[in-house]
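Scroll down for the structure; my scribbles are underneath it.
In the working numbering, the protein residues as written are 8 to 196.
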């Protein structure tokens, strides 16, 4: 019997049918039994501004923090823009990094992304890993899923590449295992 796991996802691409949104959809379709994943939309969050924060965190940021704290794990999906993560995802992380309690702390985090280039989203993912060190997040190390030449791996809004599908399924299984291990460790304390 599998234990129910609750995941929350952030997609760093705003385009409705982007390869990253399609990748997230394919990831969710391959999650182990009992795991669910809700996507938190971040496209309409205000740009981070300490003056705005001083007046109180926006409602959507507070709702995201609450969802993250209640979740067993987090999924971050980002395209790669100029060798880094997308601005919209960076903005969300900047807002959430100022929250107490810290919603990334000790949470297992799956990272992946898709691009039309040959390196996939390698540099964006390494930037995310670096950021997660500061936030005390726990990235799932393997498999690394960097979907290169995404234009050749999707058709009619669906993932068609078998190897990419397997990697996304393996990442979902690894995230589920990391979540179960984190829950077990927390119950011992």
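From the three backbone atoms N, C-alpha and C, an ideal C-beta is built for every residue, glycine too. Fair warning: this is a prediction, and the values are worked out from it, not measured in the lab.
Can you name the residues that DSSP bridges to residue i?
{"i": "residue 46", "result": "16"}
{"i": "residue 63", "result": "Paired residue(s): none; residue 63 is not in a bridge."}
{"i": "residue 153", "result": "120"}
{"i": "residue 165", "result": "162"}
{"i": "residue 3", "result": "Only positions 8 to 196 of the chain appear in this structure, which leaves residue 3 out of reach."}
{"i": "residue 146", "result": "116"}
When the Cα atoms are used, what is the spatial distance from residue i to residue j?
{"i": "residue 64", "j": "residue 92", "result": "23 Å"}
{"i": "residue 90", "j": "residue 122", "result": "11 Å"}
{"i": "residue 149", "j": "residue 178", "result": "7 Å"}
{"i": "residue 181", "j": "residue 151", "result": "11 Å"}
{"i": "residue 156", "j": "residue 74", "result": "33 Å"}
{"i": "residue 32", "j": "residue 167", "result": "13 Å"}
{"i": "residue 131", "j": "residue 140", "result": "15 Å"}
{"i": "residue 23", "j": "residue 164", "result": "11 Å"}
{"i": "residue 146", "j": "residue 25", "result": "24 Å"}
{"i": "residue 16", "j": "residue 61", "result": "27 Å"}
{"i": "residue 84", "j": "residue 107", "result": "23 Å"}
{"i": "residue 133", "j": "residue 34", "result": "20 Å"}
{"i": "residue 70", "j": "residue 171", "result": "32 Å"}
{"i": "residue 190", "j": "residue 77", "result": "12 Å"}
Once the 5 residues before and after residue i are set aside, which same chain residues still bring their CB inside 7 Å of it?
{"i": "residue 95", "result": "19, 21, 49, 50"}
{"i": "residue 188", "result": "none"}
{"i": "residue 184", "result": "none"}
{"i": "residue 186", "result": "12, 79, 80, 115"}
{"i": "residue 176", "result": "37"}
{"i": "residue 55", "result": "98, 101, 102"}
{"i": "residue 72", "result": "103, 106, 110"}
{"i": "residue 67", "result": "52"}
Apart from the five residues just before and just after residue i, which ones in its own chain have a Cβ nearer than 8 Å to its Cβ?
{"i": "residue 43", "result": "11, 12, 13, 14"}
{"i": "residue 112", "result": "142, 143, 144"}
{"i": "residue 59", "result": "53, 65"}
{"i": "residue 124", "result": "87, 155, 156"}
Would DSSP call residue i helix, strand or coil?
{"i": "residue 41", "result": "coil"}
{"i": "residue 73", "result": "helix"}
{"i": "residue 84", "result": "strand"}
{"i": "residue 193", "result": "helix"}
{"i": "residue 187", "result": "helix"}
{"i": "residue 58", "result": "helix"}
{"i": "residue 180", "result": "helix"}
Starting from the C-beta of residue i, find all residues in its chain whose C-beta is less than 6 Å away, skip the five residues before and the five after it, and write them out in chain order.
{"i": "residue 194", "result": "none"}
Query - Those runs of the alpha helix (DSSP H) which lie wholly inside the region 96-144 and span at least 4 residues - result: 129-142
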